[in-house]
Amino acid sequence: MTSQEFKSHILIKRPRYANSRIPVIEVLANKGSRRSEYSQFGPIYELYMYAFLLGLKKERRLPLPPRDLTSDFGLEIGRWKRESNLTDFLLMIIFTRNEEIGFDWNDLEDMDEAEITAVVSKIITFMEEYANGGLEYLHELLDKGQLTNSHYMFIDMYK
Amino acid sequence: MASIINSISFKNFFNYYGDYYDTRYEFEEGVNIVVADNGAGKSKFFNAFLWLFYDQVLDSDDKIKKGIKDIAVKIISDKAKSETAIGDNVETGIQIEYSTGRFKYQITKSFTATRLSKKITNFDSWQITVNDVEVNRTDHVLPKYTPVYDADEKANIIKQLILPTLRQYSFFQGEEVDSIIDFGKKSSIEEAVRTLTDISKYEELVFLTKEFKDKAEKDLNKQTKANSDHNERLDKAIQVKQDLENALSNQEIKLAEYEKLYDDAEQEKNELEQNFSNAEKRNDLDNKIKEKNKRTNEVAEEYTNFLETINNRFFDGNFSWISLGFDNVVEDFQSKIQQFREFHFEKKTLKNINDPNKHFHFLPIDSPDTVSLKNMIDHEHCYICNRPALIGSEEHNHIIKLKNRPIEAKNDIDFVKNNFNNFFGDLQINAQPFYNKISSIEDSILKTREKEIALNERLTKLKKELKSLKDQRKDILIAGNDSEDSMTIINRYKGAIRRIADSSFQIEKLQDSIKKLKSSILNTEREIQALRPSNIPEGYLLNYEISTDLALATENAKNRVFDNMVNLLEKYANEHFQSLIKYNDLAGGILKFEKSPSGSILFNYIDSTGNIVHGSSEGFQRMKKFSVVMAVISANTTKYNYPLLADAPLSAFGSAFTEGFFEAVGEVFPQSIILVNDLYENDDEMKLNELGKKIIRKDFIKRVYINQIDKNKEQIDRTTDKIKLK
């Protein structure tokens, strides 16, 4: 497997979120035209990326429910912010956490395809679970009415 | 001789309860004032004259003038109604005494109402019979009135108090004064001049003398033909004169057409004048508002857009907010990739051990990576051996060579299943925009906030400016007419101005041509005289000469009178205007009367520098109108012989005009009876305010009455009581 193929293996994945997060997604991601009283991201994947990194920062890792109770937003990672190399940065972050995910960089080079698929799957789960943690954090604030109605809300929470 | 109202009395007329002798108001030549608070009988008083002149009264409920019989039940004093038993009757009426010359008249108009049922305010409860008008006359020397029986004579006596054609200038209520003269229509001033002066008589004379002249000429020509032996030259001269006269008449028709065009344009101009000056300002403001609105919207959009895209800064490589707080990632990754590569290349080395040349590298293959090499090139320093590598030096060239080295990977023997070296290397290179900026993100956030504040301030300032412009625009709206759009008004106004200029030019041309034609006609006439045979009876010639002179003299006299009239009007209007505004601190302008090219009267209000003044308060406008009315009256060669009867003429004047008003009317009208509430003060012992007290001390104020009504009483018991103050 070449570097390119490996990367593609990851980038064709569509991370999922728990259906219970739909309300918070609806409020915080604009998804075209929907407006809310809070500052919003554009497409869902922006919120998802933010939630993933927020989860990492807040150290909130939360497993997703069974697949039937989850959804994806129809966009492969490779198509998130395609015009920038943001996914490369995300992957950089992910690959520094390889111990937590459960693989070794050099081992990857000796794995067969099935093994690599398993690692990729773990990587996606890692993303999903931290994103879920981040979304949960946002969800709690939303439910408690503690989200601040400011255009700087996301960056303020991110510090 | 002037008509002077000596008294007016009422019988059970509205709140004027009681018999004629109870409610008698006496007046004299000069200014008479009846002061009454609202609801204390001013309009009822005025209604008495409406009844006298028109057999109508104004229904205060719907402000419509109604025939006496239709509104009779409302007219009868409620107190009188309630005191009338069913089956009994009550009389309601007005009685006016006035004198003119050696006669004094007493006019009584009344009706009798018989009560039929209980409900006194019901129209069905009363049977109304209008009584015959009673008119009595007395010679001042005779002590007793004698009745006038002839209906026409009675009507004439009533008419003479104030002639119907003059009533609009002499008998009005409140804002009716506004409709006396419409400054927008020049015909309005002309009508006033025609009605109030004898200029129309001159016009009649001009018409008559012209007819005489034409007749005399025809007669003369007939005689000439009869007496001459077909004098060809004379015939030709008469023919030429005829042609010239036809041409003249054509030109005069054309002139009249252009004069009409001129007048219409002038009228439109006057009507638009107010709107135009506002329209210009409005248009100017509209443009400013449009521009400001555009700017405000742009900034508002920029601001909204700015706020809405703040979150984009997380993902935009120029801001990279998303990487905030991930400083350690770069280091971790660096150390992991190093570790990875060491092991990676170790494996490779082991695989390639059969090729010693490849084994003995100082550095692992493809190391340093291109990014590090580029750094070294840029910084002119080799980080491998920590030595400077200045541009142009051998070391520097070596680094460049390394960076451009061919990719040899394909020659490598597979030493791992999956070679991910590039995967990690690419991540590190590609993600640079995000991790390179981490240290400056805090600063970027701060700058974002600053930019937002600056945008917000800009927007607030623009909004304030826009509001101020809109407020100004609103102020203009009050005075102007917004139904038409400003551009239309401006274009119409400019159109009217152009038509005035065009028709003025044509009028001058035609007048010139008419003058020439007239002069040609005169010369032809002389030629005709010379060609006329000498045997014409002298009477015809003489008749013709005299009537020609007469026609010319009358025409000149009319023009002179008209010119004088315009001058007089201007003089008097300004005098009256000055006295009307003399207690006002407003700088009064000048009322300017001019003869238009079409021969009509133009009126303008100009300031001391000669600029036309537009728009001013309603009171001021009314003052101007009043000045013109009084000027027309004053300019009349014969004295104005009728009293002024005005109900609340001051309502829009403002107190500063009031004093001037009383003085001015005193000078113009032989007698005035003014009904006002402007001088009333309920809390004062005399029921007069300070201005009232000041005014009643003036000599020209002859009689002052105060009307009193006890407002605590039920309507059914209310009566108007009068206090005679002077």
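Chains as they are written, first to last, in full-length UniProt numbering: chain Y, 1 to 159; chain A, 1 to 726. Each residue gets a CB set at the ideal place from its N, CA and C atoms; glycine is no exception.
With distances taken between CB atoms, is the gap from residue 8 of chain A to residue 51 of chain A smaller than 8 Å?
Within the second sequence, residue 8 of chain A is the residue found at index 8, counting from 1. Within the second sequence, residue 51 of chain A is the residue found at index 51, counting from 1. No, these two residues do not count as a Cβ contact at 8 Å.
Tell me which same chain residues have a C-beta within less than 8 Å of the C-beta of residue 478 of chain A, skipping the five on either side of it?
Position 478 of the second sequence holds residue 478 of chain A. At residue 478 of chain A the pLDDT is 44, less than 50, meaning the model places this residue with poor confidence; the figure from the coordinates comes in the next sentence. Here the set comprises nothing.
Against chain Y, does residue 457 of chain A count as a neighbour if the rule is that its beta carbon must be under 8 Å from one of theirs?
By 1-based counting over the second sequence, the position of residue 457 of chain A is 457. Chain Y, which has no Cβ nearer than 8 Å to the Cβ of residue 457 of chain A, makes this no.
Helix, strand or coil: which one does DSSP assign to residue 730 of chain A?
This structure cannot settle anything about residue 730 of chain A, because the visible part of chain A is limited to 1 through 726.
From residue 203 of chain A to residue 210 of chain A, what does the alpha carbon distance come to, in whole angstroms?
By one-based count along the second sequence, residue 203 of chain A stands at place 203. By one-based count along the second sequence, residue 210 of chain A stands at place 210. Each residue's Cα considered, the two are about 11 Å apart.
Complete beta strand (DSSP E) runs within the region 135-171 of chain A (minimum length 3 residues, chain order):
The qualifying runs are 146-148.
Can you pull out the residues from the region 97-117 of chain Y whose beta carbon lies closer than 8 Å to at least one beta carbon of chain A?
Going along the region 97-117 of chain Y in chain order, one finds 98, 105, 106, 108, 109, 110, 111, 112 and 116 with a Cβ nearer than 8 Å to chain A.
Could you give the distance in angstroms between the alpha-carbon of residue 40 of chain Y and the alpha-carbon of residue 157 of chain Y?
Walking along the first sequence from the start, residue 40 of chain Y turns up at place 40. Walking along the first sequence from the start, residue 157 of chain Y turns up at place 157. Here the alpha carbon of residue 40 of chain Y sits roughly 13 Å from the alpha carbon of residue 157 of chain Y.
Chain A contact residues for residue 93 of chain Y, given Cβ-Cβ distances below 7 Å:
Start at 1 with the first residue of the first sequence, and residue 93 of chain Y comes out as number 93. Chain A residues near residue 93 of chain Y: 326 and 329.
Could you tell me which chain Y residues have their CB closer than 9 Å to the CB of residue 310 of chain A, listed as they occur along the chain?
The residue given as residue 310 of chain A occupies position 310 in the second sequence. The contact set of residue 310 of chain A on chain Y, defined by CB atoms closer than 9 Å, consists of 39, 151, 152, 154 and 155 in chain order.
Using a Cβ cut-off of 8 Å, pull out every chain Y residue sitting near residue 344 of chain A, in sequence order please.
As a position in the second sequence, residue 344 of chain A is number 344, starting the count at 1. For the C-beta of residue 344 of chain A, the chain Y residues within less than 8 Å are, from N- to C-terminus, 106 and 109.
Are the C-beta atoms of residue 426 of chain A and some chain Y residue less than 8 Å apart?
What you label residue 426 of chain A is simply residue 426 of the second sequence in a count that begins at 1. For residue 426 of chain A, the closest Cβ of chain Y is nearer than 8 Å.
Any chance you could list the alpha helix (DSSP H) runs of at least 4 consecutive residues sitting entirely within the region 186-244 of chain A, in chain order?
For the region 186-244 of chain A, whole alpha helix (DSSP H) runs of length 4 or above, ordered along the chain, are 186-196 and 199-227.
In this structure, what does DSSP give as the bridge partners for residue 321 of chain A?
If you number the second sequence from 1, residue 321 of chain A lands on position 321. DSSP lists no beta-bridge partner residue for residue 321 of chain A.
What span of residues does the alpha helix (DSSP H) with residue 695 of chain A cover, start to end?
Counting from one through the second sequence, the residue named residue 695 of chain A turns up at place 695. According to the DSSP assignment, residue 695 of chain A belongs to the alpha helix (DSSP H) that extends over 690-696.
Would you say residue 233 of chain A and residue 522 of chain A are within 8 Å of each other, going by their C-beta atoms?
For the purposes of this step, residue 233 of chain A is identified with residue 233 of the second sequence, where counting begins at 1. For the purposes of this step, residue 522 of chain A is identified with residue 522 of the second sequence, where counting begins at 1. No, the pair does not count as a contact, with Cβ atoms beyond the cut-off.
Could you check which residue in Y:70, Y:8, Y:25 and Y:98 has the C-alpha nearest to that of residue 45 of chain Y?
Indexing the first sequence from 1 puts residue 45 of chain Y at position 45. Comparing Cα-Cα distances from residue 45 of chain Y to each of Y:70, Y:8, Y:25 and Y:98, the minimum goes to Y:25.
Please identify, using Cβ separations under 9 Å, the residues of the region 3-29 of chain Y that lie next to chain A, in order along the chain.
Cβ contacts with chain A come from 3, 4, 5, 6 and 7.
Classify residue 39 of chain A as helix, strand or coil using the three-state DSSP reduction.
On the second sequence, residue 39 of chain A is found 39 positions in, with the first residue counted as 1. In the structure shown, residue 39 of chain A adopts coil according to DSSP, grouped into three states.
Can you tell me whether residue 433 of chain A is helix, strand or coil according to DSSP?
Working through the second sequence from its first residue, we reach residue 433 of chain A at position 433. Looking at residue 433 of chain A - three-state DSSP - the assignment turns out to be helix.
Quick one: which chain Y residues come within Cβ less than 8 Å of residue 435 of chain A?
Within the second sequence, residue 435 of chain A is the residue found at index 435, counting from 1. Within chain Y, the residues near residue 435 of chain A are 89 and 92.
Taking the alpha-carbon of residue 417 of chain A as reference, which of Y:159, Y:114 and Y:13 has the nearest alpha-carbon?
By one-based count along the second sequence, residue 417 of chain A stands at place 417. Restricting attention to Y:159, Y:114 and Y:13, the CA atom closest to the CA of residue 417 of chain A is found in Y:114.
Exposure of residue 579 of chain A, with buried meaning 16 or more beta-carbon neighbours within 10 Å:
The residue you call residue 579 of chain A lines up with position 579 of the second sequence. So residue 579 of chain A ends up on the buried side.
Is the CB-CB distance between residue 3 of chain A and residue 162 of chain A below 8 Å?
Against the second sequence, residue 3 of chain A aligns to sequence position 3. Against the second sequence, residue 162 of chain A aligns to sequence position 162. Between residue 3 of chain A and residue 162 of chain A, the gap from beta carbon to beta carbon is short of 8 Å.
Okay, do the region 713-722 of chain A and the region 70-87 of chain A touch, 3+ Cβ pairs below 8 Å being the bar?
Output reads yes: the region 70-87 of chain A touches the region 713-722 of chain A.
Just the Cα atoms here: how many angstroms apart are residue 385 of chain A and residue 379 of chain A?
By 1-based counting over the second sequence, the position of residue 385 of chain A is 385. By 1-based counting over the second sequence, the position of residue 379 of chain A is 379. It is roughly 14 Å from the alpha-carbon of residue 385 of chain A to the alpha-carbon of residue 379 of chain A.
Cα separation between residue 666 of chain A and residue 659 of chain A?
Along the second sequence, one-based indexing puts residue 666 of chain A at 666. Along the second sequence, one-based indexing puts residue 659 of chain A at 659. Straight-line spacing of the CA atoms in residue 666 of chain A and residue 659 of chain A works out to 11 Å.
Of all the alpha helix (DSSP H) runs that stay within the bounds of the region 453-531 of chain A, which reach a length of 4 or more residues?
Listed in chain order, they are 486-531.
Coil, strand or helix - residue 65 of chain Y by DSSP
If you number the first sequence from 1, residue 65 of chain Y lands on position 65. Coil, per DSSP.
Rounding to the nearest angstrom, what Cα-Cα distance links residue 122 of chain A and residue 73 of chain A in this structure?
In the second sequence, residue 122 of chain A corresponds to position 122, counting from 1. In the second sequence, residue 73 of chain A corresponds to position 73, counting from 1. So the two alpha carbons sit approximately 8 Å from each other.
Considering residue 81 of chain A, what are the terminal residues of the alpha helix (DSSP H) in which it resides?
Start at 1 with the first residue of the second sequence, and residue 81 of chain A comes out as number 81. 78-83 is the span of the alpha helix (DSSP H), which, as asked, contains residue 81 of chain A.
Any C-beta of chain A sitting closer than 8 Å to the C-beta of residue 122 of chain Y?
The residue you call residue 122 of chain Y lines up with position 122 of the first sequence. Contact of residue 122 of chain Y with chain A is not assigned, every C-beta pair being separated by 8 Å or more.
I'd like to know if residue 323 of chain A contacts chain Y, where contact means its C-beta is closer than 8 Å to some C-beta of that chain.
Stepping through the second sequence from its first residue, residue 323 of chain A is reached at position 323. Yes, residue 323 of chain A counts as interfacial toward chain Y.
Residue 69 of chain A: which of A:101, A:657 and A:124 sits nearest, CA to CA?
Numbered from its first residue, the second sequence carries residue 69 of chain A at position 69. For residue 69 of chain A, the nearest C-alpha among the options comes from A:124.
Under a three-way DSSP split, which group does residue 737 of chain A fall into?
In this structure chain A extends from 1 to 726, so residue 737 of chain A is not present and cannot be described.
Status (buried if at least 16 other CB within 10 Å, exposed otherwise) for residue 480 of chain A
Working through the second sequence from its first residue, we reach residue 480 of chain A at position 480. Since pLDDT at residue 480 of chain A reaches only 47, below the 50 mark, its modelled position is unreliable, and no value is offered.
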